[in-house]
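Engineer:
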Amino acid sequence: MGNTLEQMKEQLNEFYKKLDKKQKIKIGVSGLLIIISMALLLTFTSEPEYVTLFSELEPKNVGEITAKLDEMTIPWKNNETGTSILVPKEYKNKAQANLAVAGLPKGNFSYEQMLDNSSITMTNEERKKRFVIAQMNALARTIEEIDGIKKAMVNLTVAEDTNFLMNDQKSKASVFVEVESGKTLSKEQVDGVVMLVSNGVKSLEPENISVVDNRGQVLNKETDGNTFDASTQLGLQQQVKNELQESITQFLATVYGTGNVAVMVNVKLDFDSEITDMKEFAPPYSR
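Take the sequence shown: its position 190, counting from 1, is numbered 190 in UniProt numbering, and each next residue is one higher.
1. Going by C-alpha distance, which of L12, A39 and L41 is nearest I27?
2. Output the distance between the C-alpha atoms of V197 and N260, rounded to the nearest integer angstrom.
3. Look up N78 in the DSSP assignment and give the residues it is bridged to.
4. Between the C-alpha atoms of G225 and V132, what's the straight-line distance to the nearest angstrom?
5. Pull up the distance between the alpha-carbon of S247 and that of N266, whole angstroms please.
6. Terminal residues of the continuous alpha helix (DSSP H) containing I65?
7. Tell me S210's beta-bridge partners as DSSP assigns them.
8. Would a C-beta distance cut-off of 8 Å place N79 and L69 closer than the cut-off?
9. Could you compute how far the alpha carbon of P59 sits from the alpha carbon of P206?
10. How close, in whole Å, do the beta carbons of L185 and G148 come, if the pair is a contact with beta carbons under 8 Å?
11. Quick check: what's the CA-CA separation for L33 versus A95?
12. Taking DSSP's pairing of strands, which residues face residue 299 in a bridge?
13. CA-CA distance, A138 and T73?
14. Beta-carbon separation of V177 and V211 under 8 Å?
15. Distance check for A173 and R127, CA to CA, integer angstroms please.
16. Excluding the 5 residues flanking residue 291 on each side, which residues of the same chain have their C-beta closer than 7 Å to its C-beta?
17. Look at the Cβ atom of N220, then the Cβ atom of V194, and state whether they are nearer than 8 Å.
18. For the beta strand (DSSP E) holding T157, just list the boundary residues, first then last.
19. Report the three-state DSSP secondary structure of V193 (helix, strand or coil).
20. Using a threshold of 8 Å, state whether the C-beta atoms of S84 and L57 are closer than that.
21. Which residues in the same chain as K89 place their Cβ atom closer than 8 Å to its Cβ, once the five residues preceding and following it in sequence are excluded?
22. Which class does V218 belong to by DSSP, given the choice of helix, strand or coil?
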């Protein structure tokens with residue numbers, strides 16, 4: 001066997017020596033092209049490692065996410081049940097970042113996914129945002145278990161913890177419920193929704209929670225004759241806020257230029273007291 005290899009080697013050397021310079025260059029280039037072709041073939045035919053991007057998705061979410069992945073030219077595939085989306089490991093972070101900007105997935109981010117998808121490089125601010133999203137979705141899923149509620153969405157504005165004694169920020173929540181056809185929610189059920197959300201979020205008082213149904217009605221407004229209607233209070237407060245915001249923006253624009261100013265106004269109106277001015281007129285006294 002060894003002698004055969006030696007003979008083949010000698011024959012190849014003799015053959016190569018007889019070639020002119022151009023022929024040697026052609027053989028070298030051909031060999032290089034063959035090596036490159038084989039490397040490319042191995043690269044494209046080898047299966048990349050796929051990891052789970054999202055799991056337990058609703059069909060609508062699956063369609064929206066895969067369409068977005070196609071736009072980003074990121075390869076993907078489903079699991080056997082079609083409720084999970086997998087992408088190549090090297091694309092996972094890019095996909096999550098771009099999908100988050102697009103607001104996807106909607107209504108399916110859980111505490112488990114928050115922990116599974118956390119990484120060492122994630123900032124505290126990112127962790128807080130992911131926790132709030134998971135919190136909103138967990139509350140919505142729980143509210144949907146109440147009889148008569150077909151679908152629920154929860155939006156939270158969680159107050160930041162600060163060291164300032166005069167910090168007056170308060171956590172707020174708005175709950176949208178789609179009531180099943182032909183059904184109405186009782187006061188006890190609405191109060192249950194309010195209490196559920198209040199107990200589930202730190203520093204969230206029941207009075208800072210609004211529950212609205214699919215007909216646009218505020219379900220947890222006070223009906224006592226001595227109080228204002230919640231929707232009227234909200235409308236008046238929003239009107240004052242808009243007027244102040246516009247006035248301040250116009251004033252600052254004269255100094256810094258139009259388009260160079262961003263103003264945010266927080267208005268809190270006191271509806272708990274009223275001033276009554278009464279004048280009495282009596283007939284003139286006659287003897």
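For each residue, glycine too, the CB sits at the ideal point set by N, CA and C.
Computed from a predicted structure; not experimentally measured.
Structural biologist: According to the data block:
1. Each of L12, A39 and L41 was checked against the Cα of I27, and the nearest Cα belongs to L12.
2. A direct Cα-Cα distance of roughly 39 Å separates V197 from N260.
3. DSSP lists I85 as partners of N78.
4. With a pLDDT of only 40 at G225, under 50, the local geometry of the prediction cannot be trusted, and the value read off the model is given with reservation. C-alpha separation (whole angstroms): 37 Å.
5. Taking the straight line from one Cα to the other gives about 14 Å.
6. Per DSSP, the continuous alpha helix (DSSP H) segment holding I65 begins and ends at P59 to E71.
7. As a beta-bridge residue in DSSP terms, S210 pairs with S174.
8. No, the Cβ-Cβ distance between N79 and L69 is not below 8 Å.
9. Straight-line Cα distance between these residues: approximately 34 Å.
10. About 6 Å; that satisfies the 8 Å criterion.
11. The straight-line gap from Cα to Cα measures roughly 35 Å.
12. Past the edges of the chain, shown from 1 to 287, lies residue 299, and the structure says nothing about it.
13. For A138 and T73, the distance between alpha carbons rounds to 32 Å.
14. A contact, by the Cβ cut-off of 8 Å.
15. Using only the alpha carbons, I get a separation of about 20 Å.
16. Residue numbering for the chain in the displayed model covers 1 to 287; residue 291 lies beyond these limits and cannot be assessed.
17. With a cutoff of 8 Å on beta-carbon distance, N220 and V194 are scored as near each other.
18. Boundaries of the beta strand (DSSP E) harbouring T157: I149 to T157, taken from the DSSP string.
19. DSSP places V193 in helix when its eight states are reduced to three.
20. The answer is yes: Cβ separation under 8 Å.
21. These residues qualify, in order along the chain: P48, E49, Y50 and V51.
22. Taken through DSSP and simplified to helix, strand or coil, V218 comes out as strand.
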